[in-house]
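Asker: For reference, the structure I am asking about is given below.
Protein chains: 2
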Amino acid sequence: MKPRIDLLTGRPAGGGARPRERADAARNRAKVLAAAAELFAARDPRGVTMEDIAKAAGVGRGTLYRRYPDTVSIAQALLDEHEFALQERLLRGDPPLGPGAPPGDRLAAFYAGMVDLLEAHISLVLGAEQGELRFTTGAYGFWRAHVRTLLIQAAVPEPEALVDALLAPLGPDVFAEQRRRGLTPEQITAALARLAHGVTR
Amino acid sequence: MKPRIDLLTGRPAGGGARPRERADAARNRAKVLAAAAELFAARDPRGVTMEDIAKAAGVGRGTLYRRYPDTVSIAQALLDEHEFALQERLLRGDPPLGPGAPPGDRLAAFYAGMVDLLEAHISLVLGAEQGELRFTTGAYGFWRAHVRTLLIQAAVPEPEALVDALLAPLGPDVFAEQRRRGLTPEQITAALARLAHGVTR
DNA sequence: CGCGAAGTGGACATGTCGTCCGCTTCGCTG
DNA sequence: CAGCGAAGCGGACGACATGTCCACTTCGCG
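Taken in order, these protein sequences are the chains called A and B. Taking our numbering, the leading residue of the first sequence gets 82, the next gets one more, and so forth. Taking our numbering, the leading residue of the second sequence gets 82, the next gets one more, and so forth.
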């Protein structure tokens with residue numbers, strides 16, 4: 082069902098040893114990612130098409146499809162490193178983001194980190210999570226597991242149903258709408274912190 | 082920017098007196114809505130196309146476009162009456178859904194009502210809120226105003242930012258994902274009730 | 001019954017998608 | 001360094017959806 086490709090190299094994620102990437106392929110991949118980053122930032126990320134990216138990168142459409150099945154995958158490839166950095170800090174960083182603080186504080190810190198990420202890369206996240214793909218992403222699974230653990234630590238009843246409800250405000254469309262309304266990232270973070278503490282208390 | 086059409090009659094929402102709808106037009110409108118309702122229920126609502134509906138209803142595409150600019154409008158027309166019924170109960174129904182109960186209880190009751198609505202008409206809601214249209218709907222404005230009022234009554238700080246965060250879990254994609262995960266409407270309602278009370282306390 | 005207007009529906013032009021396949025470029029090997 | 005097999009490339013192609021347009025039909029009022 083899912084394409085299941087390695088987002089770093091854009092190759093099918095089979096376990097075996099890779100044949101090593103050819104020079105022209107690497108060159109084109111760089112061109113594609115650079116062009117895509119500009120396009121996503123410049124206009125409505127949801128309107129960017131494979132053709133657009135191919136033209137901007139100066140490659141043919143076939144070349145694009147060789148690695149990425151759609152624009153969503155390209156946006157995800159660009160987003161990947163940023164998400165990974167936050168995941169690292171959640172697992173091994175200092176409290177309250179990392180381990181050691183009370184669950185409510187950690188949840189609030191997670192919210193703050195996500196708001197920062199959204200603010201910095203909203204166009205990529207919008208490009209990466211359009212459609213119903215949002216929940217099938219590896220990243221969503223990670224956020225979900227993290228919040229779920231915090232809820233269980235806080236001994237909250239019905240953690241399973243609460244997890245998705247607590248992640249919902251981090252949907253890129255919600256964030257974009259709030260920013261469009263004139264809310265600052267700080268206000269949004271403050272509101273989410275209240276949510277975090279209200280629910281874990 | 083927005084089409085701004087009257088969803089009941091499908092006509093442009095100009096204030097003036099309408100010329101009255103012709104018999105063949107009414108007949109076709111009924112056929113279209115009936116066919117669309119079946120289609121939305123039968124397959125993935127996001128995959129239903131104008132062509133599909135036209136064919137199923139036995140009318141031409143031009144006829145469809147005369148009233149509805151896209152499938153989203155059709156889904157909204159079908160959804161409209163259900164949403165309106167809930168809105169009535171919020172304004173004039175018995176507590177805790179209607180006025181008279183503490184804000185936390187009213188918020189929880191609102192959540193419960195929305196979960197019922199989602200459970201009953203998830204395919205329509207999915208069809209109606211695809212894309213970024215979700216926040217521009219009249220209904221979203223209503224839910225937002227309602228929750229905002231409750232938050233202010235509860236003397237919650239930062240109500241503006243919290244409103245959208247509290248509405249986010251009601252997004253159709255979130256609900257669909259939770260159901261897909263095996264959660265029951267009751268479990269979801271319970272989790273949202275906890276959210277409601279946690280935040281207004 | 002006749003006429004003007006509202007309504008109809010299919011053809012058309014446009015744009016995106018995803019695939020396919022002949023040609024090019026690479027890099028290993030002898 | 002020359003040759004070869006394979007990986008990579010890119011434009012052409014068929015399929016499909018969109019939204020518009022306009023010649024034709026149907027309505028309902030006088």
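Even for Gly, the Cβ is constructed at its ideal location relative to N, Cα and C.
Using the Cα positions of A:L188 and A:V196, report the straight-line distance between them to the nearest angstrom.
Answerer: 12 Å
Asker: Interface residues of chain B around A:R282 at Cβ under 9 Å?
Answerer: G279, R282
Asker: Under a three-way DSSP split, which group does B:G327 fall into?
Answerer: Lying outside 82 to 282, the shown extent of chain B, residue 327 of chain B is not represented and no answer is given.
Asker: A:A271 versus chain B: which residues are under 8 Å apart at the beta carbon?
Answerer: What A:A271 touches in chain B: P238, E239, A242.
Asker: A:R275 touches chain B at which residues, Cβ-Cβ below 8 Å?
Answerer: V237, P238, E239, L243, V280
Asker: Return the residues of the segment 115–138 of chain B that lie within a Cβ-Cβ distance of less than 8 Å from chain A, sorted by chain order.
Answerer: R127
Asker: Are at least three pairs of beta-carbons, each pair with one atom in the segment 265–282 of chain B and one in the segment 106–125 of chain B, less than 8 Å apart?
Answerer: no
Asker: Would you kindly check if the distance between the Cβ of A:D245 and the Cβ of B:Q259 is under 7 Å?
Answerer: Cβ atoms of B:Q259 and A:D245: closer than 7 Å.
Asker: Name, going along the chain, the residues of the segment 253–272 of chain B whose beta-carbon falls closer than 7 Å to a beta-carbon of chain A.
Answerer: D254, V255, E258, Q259, L264, Q268, I269, A271, A272
Asker: Do you know offhand how far B:P177's Cα is from B:Q234's?
Answerer: 14 Å
Asker: For a cutoff of 7 Å on Cβ pairs, would you count B:E213 as touching chain A?
Answerer: Taking 7 Å as the threshold, the shortest C-beta distance from B:E213 to chain A falls below it.
Asker: Would you please verify whether the beta carbon of A:F223 is less than 7 Å from any beta carbon of chain B?
Answerer: It does not; no Cβ of chain B falls within 7 Å.
Asker: For the alpha helix (DSSP H) containing B:T144, name the first residue and the last one.
Answerer: 142–148
Asker: Look at the alpha carbon of A:P266 and the alpha carbon of A:E200, and state the distance between them as a whole number of angstroms.
Answerer: 7 Å
Asker: Does any C-beta atom of chain A lie closer than 7 Å to the C-beta of B:A209?
Answerer: no
Asker: Can you confirm whether A:F191, when its beta carbon is compared against all beta carbons of chain B, has any partner nearer than 7 Å?
Answerer: no
Asker: Closer than 8 Å, Cβ to any Cβ of chain B: which residues of the segment 165–177 of chain A, in chain order?
Answerer: none
Asker: Does any residue of chain A bring its CB to less than 7 Å from the CB of B:A246?
Answerer: yes
Asker: Which of helix, strand or coil does DSSP assign to A:P238?
Answerer: Looking at A:P238 - three-state DSSP - the assignment turns out to be coil, as it is neither helix nor strand.
Asker: Counting only beta-carbon atoms, is B:P183 nearer than 7 Å to chain A?
Answerer: no
Asker: Check this for me: beta carbons of B:E164 and B:A220, under 7 Å apart or not?
Answerer: Result yes, Cβ atoms of B:E164 and B:A220 sit closer than 7 Å.
Asker: Are the segment 209–218 of chain A and the segment 165–174 of chain A touching by the rule of at least three beta carbon pairs closer than 8 Å?
Answerer: no
Asker: Can A:I134 and A:A118 be called in contact, C-beta distance under 7 Å?
Answerer: no
Asker: With the cut-off set at 7 Å, would you say A:P240 and A:L232 are in Cβ contact?
Answerer: yes
Asker: Using 10 angstroms around the beta-carbon of B:P184, count the other beta-carbons present and answer buried if the total reaches 16, otherwise exposed.
Answerer: buried
Asker: So, for A:M82: in the same chain, excluding its five sequence neighbours on each side, which residues have a beta-carbon less than 6 Å away from its beta-carbon?
Answerer: Model confidence at A:M82 stands at a pLDDT of 33, short of 50, so the residue's coordinates are unreliable; what they give is reported in the following sentence. Spatial neighbours of A:M82 in its own chain (CB-CB distance under 6 Å, excluding positions within 5 residues in sequence) are not present.
Asker: My output table needs one value for B:R187: the three-state DSSP class, helix, strand or coil.
Answerer: helix
Asker: Determine the DSSP secondary structure at B:L251, reduced to helix, strand or coil.
Answerer: If DSSP states are grouped into helix, strand and coil, B:L251 belongs with the helices.
Asker: Using a Cβ-Cβ cut-off of 7 Å (strictly less than) and excluding sequence neighbours within five positions of B:L159, which residues of its own chain qualify?
Answerer: L114, A117, A118, L205
Asker: Within the continuous alpha helix (DSSP H) that includes A:L273, where are the two ends?
Answerer: Run containing A:L273: 266–281, per the alpha helix (DSSP H) assignment.
Asker: Just checking my contact of B:P150 with B:L207 at CB under 8 Å: how many whole Å lie between their CB atoms?
Answerer: That pair is no contact at about 19 Å.
Asker: What are the boundary residues of the alpha helix (DSSP H) that includes B:D161?
Answerer: Element bounds for B:D161: 152–173.
Asker: Please tell me whether A:P250 has its Cβ less than 7 Å away from any Cβ of chain B.
Answerer: yes
Asker: Which of the three DSSP states is assigned to B:R124 in this structure?
Answerer: coil
Asker: State yes or no: is the C-beta of A:L198 within less than 7 Å of the C-beta of A:L248?
Answerer: Cβ distance not < 7 Å, so A:L198 and A:L248 don't count as in contact.
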